[in-house]
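K.L.:
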Amino acid sequence: MSTVETITETLPKLTLRNTQSAGEEKKDEYQYAHLLPVFPKDEHYPPLTAFEHVDPGHRALSHPNPRAFLDNATSIIEITPRLGTEVRGVNLAALDSDGRDQLALQVARRGLMVFRDQNDFLGSNVEFYREWGRHFGRLHIHPTSGHPDGVPELHLVYRDSNATYNFERDDRIRSTAWHSDVSYELQPPGLTTFFLLSQPRSGGDTVFTSQVSTLKRLSPEFVAFLKTLKATHSGFEQAEFSRSGRRGGVVRREPVENVHPVVRRHPVTGEEALYVNRQFTRRIVGLKYEESEAILNFLYDHIDKSADNQARVRWEPNTVVLWDNRITAHSAIVDFDGTGERRHGARITPQAERPIPANPDLKL
19 MSTVETITET LPKLTLRNTQ SAGEEKKDEY QYAHLLPVFP KDEHYPPLTA
69 FEHVDPGHRA LSHPNPRAFL DNATSIIEIT PRLGTEVRGV NLAALDSDGR
119 DQLALQVARR GLMVFRDQND FLGSNVEFYR EWGRHFGRLH IHPTSGHPDG
169 VPELHLVYRD SNATYNFERD DRIRSTAWHS DVSYELQPPG LTTFFLLSQP
219 RSGGDTVFTS QVSTLKRLSP EFVAFLKTLK ATHSGFEQAE FSRSGRRGGV
269 VRREPVENVH PVVRRHPVTG EEALYVNRQF TRRIVGLKYE ESEAILNFLY
319 DHIDKSADNQ ARVRWEPNTV VLWDNRITAH SAIVDFDGTG ERRHGARITP
369 QAERPIPANP DLKL
């Protein structure tokens, strides 16, 4: 038997907004209790191995109408010209294989898509979530985060009045931490699906930024230089965070470091994107420490401050958000920490190809 640490032991009262009044709430009535995070102490996995990724967006390129899955939408709104589309009237859970291929292509083109009123999707079982994710790539099992009991492929975020089980720093002056998910893997994620099961009444938004647009804002000469560079991405700090007893205190797969191009090319759209982030990028290969720090900090500062490349998603019940981790970075906004309310979300994270350098002559 596994020794399992479960957060339900520390929660005297669970709340779910918009389903029942506070006076009626009891722990065993929480609709998503089966998706609360656990941290098995003896759960371990071997190192990930390389695999050939076939992007479903490629198949959609040959469809007569690659946007056919949106034909019945009742509302399609561009969140910003550069990033993000909000859709109503499309039931993600009902999409067939062609529709999912078209979805992958549209997410690659827009970087971010927000689907409202996805009651069927959130009401699906864990086998549906697995099958959904496998359509887009090999499912990633996170090395340190919580997952539902028996479902390691579902990455969970969780914070309430008692604790947080997220990779969060409480010694910083701001909660924003721009990143591309687990970019330290040899084959980081592509199309990523995320949804909140419970959320605060106000706050807890997620902010996204287009790494295609952040790159385009730089001078051609500087971009040409960046294309000659590669950087180390590391999962060691995240692992040590958990080994120190935080987040749940487990490391189920030993941490890794991998080298990726500073500028990558999307395999379907051909677009070039900046691929560094504060959370996991550690050093530009071949440069002295001060040189690497100067360039990385300039790029981080550019990403942080480029509000004209960003889109902010306000969560509503039954919202599903999809983004392409290869070209879109994001950060949770922890502005509800003083309210005592819960934010409980799930992420389905298929891996994609090893990042392709925008510079074909760059050797990784």
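Residue numbers for the sequence shown follow the numbering used here, beginning at 19 and rising by one. Note that CB positions come from ideal geometry on N, CA and C, so glycine has one too. Being a predicted model, the structure only gives us computed values, none of them experimental.
So Trp150 is in the alpha helix (DSSP H); what residue range does that whole segment cover?
P.N.:
The residue you call residue 150 lines up with position 132 of the sequence shown. Start and end: 144-152.
K.L.:
Quick check: Leu130 and Ala329, are their CB atoms within less than 8 Å of each other?
P.N.:
For this step, residue 130 is matched to residue 112 along the sequence shown. For this step, residue 329 is matched to residue 311 along the sequence shown. Cβ distance < 8 Å, so Leu130 and Ala329 count as in contact.
K.L.:
With distance defined between alpha-carbon atoms, name the residue in Ile321, Leu247, Asp342, Phe87 nearest to Leu380.
P.N.:
Against the sequence shown, residue 380 aligns to sequence position 362. Closest by alpha carbon: Leu247.
K.L.:
Between Ala249, Asp319, Val269, which lies nearest to Arg300 when the distance is taken from Cα to Cα?
P.N.:
On the sequence shown, position 282 is the one that residue 300 refers to. Nearest option by C-alpha distance: Ala249.
K.L.:
CB Trp341 to CB Phe226, shorter than 8 Å?
P.N.:
Within the sequence shown, the letter at position 323 stands for residue 341. Within the sequence shown, the letter at position 208 stands for residue 226. Contact flag set, yes.
K.L.:
Got a sec, what are the start and stop residues for the alpha helix (DSSP H) Pro96 sits in?
P.N.:
Along the sequence shown, one-based indexing puts residue 96 at 78. The question names Pro, yet the displayed sequence has Glu at residue 96. Premise fails: Glu96 lies in the beta strand (DSSP E), 93-96, not in any alpha helix (DSSP H).
K.L.:
Tell me the DSSP secondary structure of Lys381 in three-state form.
P.N.:
For the purposes of this step, residue 381 is identified with residue 363 of the sequence shown, where counting begins at 1. If DSSP states are grouped into helix, strand and coil, Lys381 belongs with coil.
K.L.:
Go ahead and pull the three-state DSSP assignment for Glu308.
P.N.:
As a working mapping, residue 308 is identified with position 290 in the sequence shown. Glu308: helix per DSSP, three-state reduction.
K.L.:
Shortest alpha-carbon distance to Ala199 belongs to which of Glu272, Lys245, Val175?
P.N.:
Position 181 of the sequence shown holds residue 199. At residue 199 the sequence reads Asp, which differs from the Ala that was named. The residue with the shortest Cα to Cα distance from Asp199 is Val175.
K.L.:
By DSSP, does Ala364 sit in helix, in strand, or in coil?
P.N.:
As a position in the sequence shown, residue 364 is number 346, starting the count at 1. In the structure shown, Ala364 sits in a strand (DSSP, three-state: E or B).
K.L.:
Going along the chain, which residues of its own chain have a beta-carbon closer than 8 Å to the beta-carbon of Glu309, five neighbours each way excluded?
P.N.:
Here residue 309 corresponds to residue number 291 of the sequence shown, with the count starting at 1. These residues qualify, in order along the chain: Ile302.
K.L.:
Considering only the alpha carbon of each residue, which of Pro82, Gly107, Ser80, Pro99 lies closest to Thr92?
P.N.:
In the sequence shown, the residue the question calls residue 92 occupies position 74. Ranking Pro82, Gly107, Ser80, Pro99 by Cα distance to Thr92 puts Gly107 first.
K.L.:
Below 8 Å, can you find three or more Cβ-Cβ pairs linking the region 351-361 to the region 201-211?
P.N.:
Not touching, per the Cβ criterion.
K.L.:
Pick from Glu104, Phe254, Val72: whose alpha carbon is nearest that of Val339?
P.N.:
Translated into positions along the sequence shown, residue 339 becomes position 321. Closest by alpha carbon: Glu104.
K.L.:
May I ask you to verify whether the region 361-372 touches the region 211-228, counting CB pairs closer than 8 Å and requiring at least 3?
P.N.:
Cβ pair count under 8 Å is three or more, so yes.
K.L.:
Which residues bound the beta strand (DSSP E) around Lys248?
P.N.:
In the sequence shown, residue 248 corresponds to position 230, counting from 1. Residues 248-252.
K.L.:
Give the DSSP-derived three-state secondary structure of Phe259 in the structure shown.
P.N.:
Position 241 of the sequence shown, counted from the first residue, corresponds to residue 259. Here Phe259 sits in helix by DSSP.
K.L.:
When you compare the CB positions of Thr232 and Ser324, do they come within less than 8 Å of one another, or not?
P.N.:
Residue mapping note: residue 232 aligns to position 214 of the sequence shown, counting from 1. Residue mapping note: residue 324 aligns to position 306 of the sequence shown, counting from 1. Yes, they are a contact pair.
K.L.:
Buried or exposed: which applies to Asp178, given that a residue is buried once 16 or more other Cβ atoms fall within 10 Å of its Cβ?
P.N.:
Sequence index remark: in the sequence shown, residue 178 carries index 160 (1-based). By the 10 Å Cβ count, Asp178 comes out buried.
K.L.:
What does the Cβ neighbour count give for Ala312, buried or exposed, with the cut at 16 atoms within 10 Å?
P.N.:
If you number the sequence shown from 1, residue 312 lands on position 294. Ala312 comes out exposed.
K.L.:
Who pairs with Leu130 in a beta bridge, going by DSSP?
P.N.:
Looking up residue 130 in the sequence shown gives position 112. Beta-bridge pairing links Leu130 to Trp341.
K.L.:
So, helix, strand or coil for His320, using DSSP?
P.N.:
For the purposes of this step, residue 320 is identified with residue 302 of the sequence shown, where counting begins at 1. If DSSP states are grouped into helix, strand and coil, His320 belongs with the helices.
K.L.:
Give the straight-line distance between the Cα atoms of Gly117 and Pro373, rounded to the nearest whole angstrom.
P.N.:
Position 99 of the sequence shown, counted from the first residue, corresponds to residue 117. Position 355 of the sequence shown, counted from the first residue, corresponds to residue 373. The alpha-carbon atoms of Gly117 and Pro373 are separated by roughly 25 Å.
K.L.:
For Lys59, is the classification buried or exposed, using 16 other Cβ atoms within 10 angstroms of its Cβ as the cut-off for buried?
P.N.:
Working through the sequence shown from its first residue, we reach residue 59 at position 41. Lys59 comes out exposed.
K.L.:
Just the Cα atoms here: how many angstroms apart are Val72 and Gly288?
P.N.:
Along the sequence shown, read from residue 1 onward, the residue named residue 72 stands at position 54. Along the sequence shown, read from residue 1 onward, the residue named residue 288 stands at position 270. C-alpha separation (whole angstroms): 15 Å.
K.L.:
Excluding the 5 residues flanking Lys44 on each side, which residues of the same chain have their C-beta closer than 6 Å to its C-beta?
P.N.:
Sequence index remark: in the sequence shown, residue 44 carries index 26 (1-based). Caution is warranted here: a pLDDT of 47 is assigned to Lys44, below 50, making its placement in the model unreliable, and the coordinate value is therefore given only provisionally. Counting only Cβ-Cβ distances below 6 Å, and skipping sequence neighbours, we find nothing.
K.L.:
On the three-state DSSP scale, how would you describe Glu104?
P.N.:
Locating residue 104 in the sequence shown gives position 86, where the first residue counts as 1. Glu104: strand per DSSP, three-state reduction.
K.L.:
Which value, in whole angstroms, describes the spacing of the CA atoms of Pro84 and Ser115?
P.N.:
By 1-based counting over the sequence shown, the position of residue 84 is 66. By 1-based counting over the sequence shown, the position of residue 115 is 97. Roughly 12 Å between the two C-alpha positions.
K.L.:
Taking the beta strand (DSSP E) that Ser228 falls in, what are its first and last residues?
P.N.:
Taking the sequence shown and counting its residues from 1, one reaches residue 228 at position 210. First-last of the beta strand (DSSP E) with Ser228: 224-228.
K.L.:
If Tyr147 and Leu113 are in contact, beta carbons under 8 Å, what's the gap, nearest whole angstrom?
P.N.:
Walking along the sequence shown from the start, residue 147 turns up at place 129. Walking along the sequence shown from the start, residue 113 turns up at place 95. With 8 Å as the limit, Tyr147 and Leu113 do not qualify as a contact, their Cβ atoms being about 14 Å apart.
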